[in-house]
Amino acid sequence: MRPLGLTSLAALLVGCASPNGALDEGRYVTTYYDRNHDGLVDFELHDIPRVSDDAWALSDSKLTGRYDVRLKFGYALERERVDMPVPRNVPITPGKPPVFTTK
């Protein structure tokens with residue numbers, strides 16, 4: 470391949486590889502839920518309205534005050550272990566989260 474062809478191919482691949490998450494990061498809406506009604510957040514949902522397969526969440530599945538699972542909702546549910554404190558002094562949305570909240 471000629472050098473100009475390689476440059477064009479590299480530019481095309483870089484343009485295609487731009488992660489949607491970086492472009493959509495500012496569009497995420499975060500909602501906090503208290504599933505066991507103890508006054509502490511135990512589920513945090515990050516979602517872009519009207520966009521499917523782009524939501525993710527943090528869950529305190531053991532109700533200890535620390536997130537222990539990160540969930541990625543998409544074609545298949547992805548689970549990842551985490552260890553971070555739940556936020557305090559945030560507005561808690563009443564009701565149940567609009568997604569399946571598995572451990």
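In short: position in the sequence shown from 1, add 469, done, that's this note's numbering.
Glycine is no exception: its CB is placed at the ideal position from the N, C-alpha and C atoms.
Small disclaimer: the values here were computed from a predicted structure and weren't measured.
Around the beta carbon of Y544, fewer than 16 other beta carbons sit within 10 angstroms, so the residue counts as exposed.
Within the region 528 to 554, the beta strand (DSSP E) runs of at least 3 residues that lie entirely inside it are, in chain order, 535 to 541 and 547 to 554.
Taking a cut-off of 8 angstroms for Cβ pairs, the region 494 to 513 and the region 556 to 567 touch, as three or more such pairs fall below it. Bridge pairing for Y501: E513 and I561 [DSSP]. By the CB criterion at 8 angstroms, D516 and V555 fall outside the cutoff.
The closest CA to that of L509, considering only P518, V520, Y536 and D522, is found on Y536. Judged by their CB atoms, E547 and L527 are not nearer to each other than the 8 angstroms cut-off.
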